[in-house]
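Trainee:
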Ligand SMILES: Cc1ncc(C[n+]2csc(CCOP(=O)(O)OP(=O)(O)O)c2C)c(N)n1
Ligand SMILES: Cc1ncc(C[n+]2csc(CCOP(=O)(O)OP(=O)(O)O)c2C)c(N)n1
Ligand SMILES: [Mg+2]
Ligand SMILES: [Mg+2]
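Protein chains in written order, with the numbering used here: chain X, 22 to 347; chain U, 22 to 347; chain D, 202 to 561; chain L, 202 to 561.
#1: DSSP three-state call for residue 559 of chain L: helix, strand or coil?
#2: Please name the residues in the segment 315-326 of chain L whose beta-carbon is closer than 9 Å to at least one beta-carbon of chain U, in chain order.
#3: On the DSSP bridge list, what partners appear for residue 475 of chain L?
#4: Kindly identify the DSSP beta-bridge partner or partners of residue 381 of chain L.
#5: Which of the three DSSP states, helix, strand or coil, is assigned to residue 445 of chain D?
#6: Helix, strand or coil for residue 180 of chain U per DSSP?
#7: Rounded to whole angstroms, how far is the Cβ of residue 509 of chain D from the Cβ of residue 316 of chain L, which I believe are closer than 8 Å?
#8: For residue 470 of chain L, list the residues DSSP reports as bridge partners.
#9: Just the Cα atoms here: how many angstroms apart are residue 180 of chain X and residue 41 of chain U?
#10: Give me whichever residues DSSP pairs with residue 362 of chain L in a beta bridge.
#11: Express the C-alpha separation of residue 549 of chain L and residue 271 of chain D in angstroms, rounding to a whole number.
#12: Out of curiosity, what's the CA-to-CA distance linking residue 559 of chain D and residue 366 of chain L?
#13: Name the residues in the segment 65-86 of chain X whose C-beta lies less than 7 Å from a C-beta of chain L; which are they?
#14: Would you say residue 304 of chain D touches ligand 2, meaning its beta carbon is less than 6 Å from a heavy atom?
#15: Helix or strand or just coil, what does DSSP make of residue 252 of chain U?
#16: Less than 6 Å between C-beta atoms, sequence neighbours within five positions excluded: which residues of the same chain meet that for residue 466 of chain D?
#17: Leaving out five residues on either side along the sequence, give the residues of the same chain with a beta carbon under 6 Å from the beta carbon of residue 278 of chain D.
#18: Can you round the beta-carbon distance between residue 191 of chain U and residue 314 of chain L to whole angstroms, since I take them to be within the 8 Å contact cut?
#19: Please confirm if residue 519 of chain D has its CB atom under 7 Å from at least one CB of chain U.
#20: Can you list, in chain order, the stretches of the beta strand (DSSP E) that have 3 or more residues and sit fully within the segment 107-189 of chain X?
#21: Roughly how many angstroms lie between the CA atoms of residue 22 of chain U and residue 257 of chain D, to the nearest whole one?
#22: Ligand 3 and residue 204 of chain X: does the residue's C-beta get closer than 6 Å to at least one heavy atom of that ligand?
#23: Which residue from U:344, U:138 and U:112 puts its Cα closest to that of residue 55 of chain U?
#24: Can you tell me whether residue 289 of chain D is helix, strand or coil according to DSSP?
#25: Are the segment 45-53 of chain X and the segment 302-317 of chain X touching, with three or more C-beta to C-beta distances below 8 Å?
#26: Within 10 angstroms of its Cβ, does residue 537 of chain D collect 16 or more other Cβ (buried), or is it exposed?
#27: Can you give me the Cβ contacts of residue 555 of chain L inside the same chain, cut-off strictly under 8 Å, excluding the 5 residues immediately before and after it?
#28: Closest by CA to residue 403 of chain L, which one among L:372, L:255, L:285 and L:261?
#29: Kindly indicate if chain D contains any beta-carbon less than 7 Å away from that of residue 189 of chain X.
#30: How many Å lie between residue 143 of chain X and residue 269 of chain U at the Cα?
#31: With a threshold of 16 other CB atoms inside 10 Å of the CB of residue 336 of chain L, please say whether the residue is buried or exposed.
#32: Does the distance from the C-beta atom of residue 290 of chain L to that of residue 249 of chain L stay below 7 Å?
#33: At a threshold of 6 Å, does residue 279 of chain X count as lining ligand 3 (C-beta to nearest heavy atom)?
#34: From residue 543 of chain D to residue 408 of chain D, what does the alpha carbon distance come to, in whole angstroms?
#35: Just to confirm, are residue 79 of chain U and residue 170 of chain U a CB contact at a threshold of 7 Å?
#36: Cβ closer than 9 Å: which chain D residues qualify as neighbours of residue 143 of chain U?
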């Protein structure tokens, strides 16, 4: 893995800091709650936690308008929540309930919230990248300056469809922001077993797509970069690419840590954990505000879990509903 | 289309010139014969002629050993012949005869000659590129310094599988020479309708693959470049990439010209036709040698056509042969 | 519209299949600005054998455009655009190339509506051509509808004539689900009466093309035409075949087929595809599950020989079912104990087969 | 080897399915240096649920290696290596991901031997896992063998027990054709007697697992186990089912199935897949084509509900066939006029279903 460069001191306004903290904390706490509940087997779906990676979603999405569109993968809880996705509907979905955002037919890997312009997340790596381009094509046609952001992992860039989409997006100057969350692993396979070189940004730039690499996980840097990209995309500049280094703290799938598994080392995580944007932001808040936010989040999560628990499972007779639209 | 740069004067030895001329002329004449025969409907297969593009195959393959492997596409007559593929078996295949190189089960788009290390050609664009990488993997394992060359068009580089293969080949340092025959069109669609930029070589280089662009169609330059690449590949340097600009004189599929169709202009062809390597080489030969070569080729083709005509069609009872290997 | 026994109105002009396709798309594009057409080669001077000619001039490059050679991503783009409210018609000149799009079609398009609990729809049409006897060999001659039929969430339609081509394409474009629309190249020049005004040939309704009491012949796509010719051959020796065109294979009007088979007690399906796990197997199993053994229905399937399509003409001729082999198989089912009968193969040929020689 | 009624030798040690897979590959790699194993995740500490663990240490990184996420190209690499004389075993943790490899499998692997007139062979094995009740939803739960069965040139095998897993995998590796080898995840911990020395369970031979006169039950993959449990439930009410495991679906031993169905006059196929154009349809059609209506065979199919697999447990339970639904369907076929019968659903559960809760 690359050396972890020193984090720049955030320079956001107090209101921004509070917003970022709230969003980061909410995502972290939701996933911690999922992890806590998981062993009890109430959640009937494999979970891919974003813990440690939240700042990418929060930083990028903060630069969007509510009616911009976000597409993400199975590791999509952070993007879903950062974009304003309904928390109750998310928990209910994890619980497989009829009130879930996909009515119990999706699970953790298939979250969706059309009201908040969240394209459904997908479990087959890379598949949502061209879908995002299709969305961007529609928004370009619409001509109201709306943009699409698509989040995907380092592994997804190995799929041919990623390259096909880059070319198409550049050719049509689509308002599409590609965000690669490079956490250096695909399941347990390290980057250097999969990438011939690390010159991804350089490669993307050959399509005429501006490509930026952010290696320090700095939320404000990510946000600034995304803001600038989105502004130019709204003017019709065409796609932009962001590679954000980040780090996954938990196992690939499931609720636990797995540093003991041997494929990676805890020391690798340390610099990321020491500069955790959630901590950084938290320390910049006054303790009272912080405590209040924390409490609100705790409450919201408890309500969402209660909502999920109180919701009923879809009726077995409804099994064949929604196969075909009427 | 790019400006056509002036052709450098060939500096090959007389023996080389003779060899190149013979190979170019043989391919040209074979395809002209195919074109001549085509309207009579004896050839039961769509044909994609290489006329105008022969120098790429001839130049690259001249740098190979007989036991090196060549993979090509449906536009593969030139590569097949340059590599030493059996001409009789080729004509018989075009005629759908049992003596064809694929026993009448392939057609023009599926030529093969295992004895001359020609991988079967394929009609689905790009599909043979990873196959060539599989071959190269086997040769690398074998460890005798053999290499694989894969020819493909500009259109093939738009398929995801091309990018996946580049990465894999670079990662495993496969002895694989990628040769893109960039003739500026995919069927009737010009490059700029399909490529966001023309920075293909730059893109390939980001995989750590040396990438060279040859824009003038100069056979000797192509050959020199291939020779150097192959030499380093034999030492284990890993893959090399060549983009050779070239021009297709006939229609995409079929025996005729199609400048009147409107999608391209005859003036575009002119510089290529004026610097046709076949002409260039021919002019460097003494007329007697040249006439003798021409005559030998005429004879060989006549024999091959006669062979095809005299061969019988596969028996209908053999329809289900070869579905599964025993 | 007046009704004829075959369910076609008999109104309108004589129109070729290819022109009916073009007309359907143009009318829908006129009606609904969300409809757009894209795919390799749709804007060149050949215009997918003429079926997309003129669209770009009429509707502009934003709504009619070619693409790079990137079937996988382009299918994803179609799905994404459909989810965003547009109505893409994605065109492929060969059905074979859809194998590059299988991941998007099977794992995304087919599942999106169900897997998000109905929250979104994917109103897209995937047009592709199949063929016969082109000498094109193994990779340019397949008809892979069975693969799509296996996957819930996709609809599949294979019209056999110009009338249905127009009506089914309009129905497909208006459908809120992904529709795999498969066109047989040899049908392109065939003519039928086609009403000028838009109309639909809706999903799930088979057509009884010709009635008969001795045997039920189900034809898929061009095999309807070949079955009709087989029926003529059979009629000459006193056998009356009922010919059914399912038109839509999903949703499939199995009741119409089952009712016919119950009556004739013989069911033969002629498909322009391999038979193993094909639509013929499906129709036979579905009919017999419904009818039970007491109905005493004899069954048979015809389709491609179980090998890659060979260009050698001797092999190619044996590869495909044709009116003669269909008639022979039908004869064997009706008269299992009679000596074999072989119709004159020359007379069995269809006009379109005799004429066709390219272009490719 | 002594023979038992179910055709297994009963010799060897009790071995888990997963270990039988690993042993088969290791023995073949030992025997034949051309064999190599690759695919995503084959070398990590989980080793495809244990089925590839230890191989890299034993045979080295040249013969056992992970790959980038590039299913399309990696499949082409396998084919190319096979054409060059190696014998790749390409491993996928999910059958669903093979949709990205369809072009290479359908348009190249399946056709190469035929389309080059026998000039080359493609001796490769594509291993992939299928599952049941994982809560994994639409894109991680499919069993798509029907798609491969439709394409001539591919062989398909789905062993239901450890004995066959080893023998069929060895047969697949030694086969000179592309073999799609599909393993049910829930079978991984199940044990059977497995001989230590290498042996093959060759293509085209079905096994009659249990005999019976009232009905022929054909199970695919894990459905064999569920059929055997259903057989026990049926036996309790006096119905004797014959249970057949085809093991290889292509080549398929249709004669064994047809002979059984002729005798029992009832044929029920339970598949772990969608039924439309599936192996159940194929078996039914093939048996009835052979047997004719005079044989009076009643037929039925069970499989996935025709929708994307839902994670909600209420829906998921209804999505899959299980011993109770199999037994009920069999009962209806044997006693069509009797009142409905429902076995106790708790008793119908299989041990492996009760226990399984992940990991994923
Ligand atoms: C096409 C496909 N291949 C393989 C898998 C199995 N798989 C699931 S997640 C994953 C790793 C993806 O890595 P990356 O894109 O870096 O995302 P991350 O999980 O690190 O966020 C793999 C290989 C899959 N889901 N889809
Ligand atoms: C996967 C696939 N898509 C589309 C086609 C139809 N097609 C045949 S040749 C061709 C153009 C290929 O262009 P290029 O790679 O530049 O090769 P060229 O024909 O110019 O030599 C296309 C689109 C195909 N055969 N395969
Ligand atoms: Mg990653
Ligand atoms: Mg080209």
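No residue lacks a Cβ here, since even glycine has one placed at the ideal position from N, Cα and C.
Mentor: Working from what's here:
#1: Since pLDDT at residue 559 of chain L reaches only 38, below the 50 mark, its modelled position is unreliable, and the value read off the structure follows with that caveat. Coil, per DSSP.
#2: Closer than 9 Å at the C-beta level to chain U, one finds these residues of the segment 315-326 of chain L: 315, 316, 317, 318, 319, 320, 321, 322, 323 and 324.
#3: Under DSSP, the beta-bridge partners assigned to residue 475 of chain L are L:505.
#4: Beta-bridge partners assigned by DSSP to residue 381 of chain L: L:327 and L:357.
#5: strand
#6: coil
#7: Contact flag correct, Cβ pair sits at about 5 Å.
#8: L:419 and L:502
#9: A direct Cα-Cα distance of roughly 40 Å separates residue 180 of chain X from residue 41 of chain U.
#10: Answer by DSSP bridge pairing: none, since residue 362 of chain L is not bridged.
#11: 49 Å
#12: Residue placement at residue 559 of chain D cannot be trusted, given a pLDDT of 37 that sits under 50; the coordinates are not used to answer.
#13: 65, 66 and 67
#14: no
#15: Per DSSP, reduced to three states, the secondary structure at residue 252 of chain U is helical.
#16: Excluding residues within five positions, the ones whose Cβ falls inside 6 Å are 497 and 498.
#17: none
#18: 31 Å between Cβ atoms; not a contact.
#19: yes
#20: 169-174
#21: At residue 22 of chain U, the pLDDT of 41 sits below 50, so the modelled position is not reliable and the matter cannot be decided from this model.
#22: yes
#23: U:112
#24: If DSSP states are grouped into helix, strand and coil, residue 289 of chain D belongs with the strands.
#25: yes
#26: exposed
#27: With a pLDDT of 43 at residue 555 of chain L, under the threshold of 50, the predicted position of this residue should be treated as unreliable, and no value is reported.
#28: L:372
#29: Residue 189 of chain X counts as touching chain D.
#30: 42 Å
#31: buried
#32: Cβ distance not < 7 Å, so residue 290 of chain L and residue 249 of chain L don't count as in contact.
#33: no
#34: 28 Å
#35: no
#36: By Cβ distance, chain D contributes 340.
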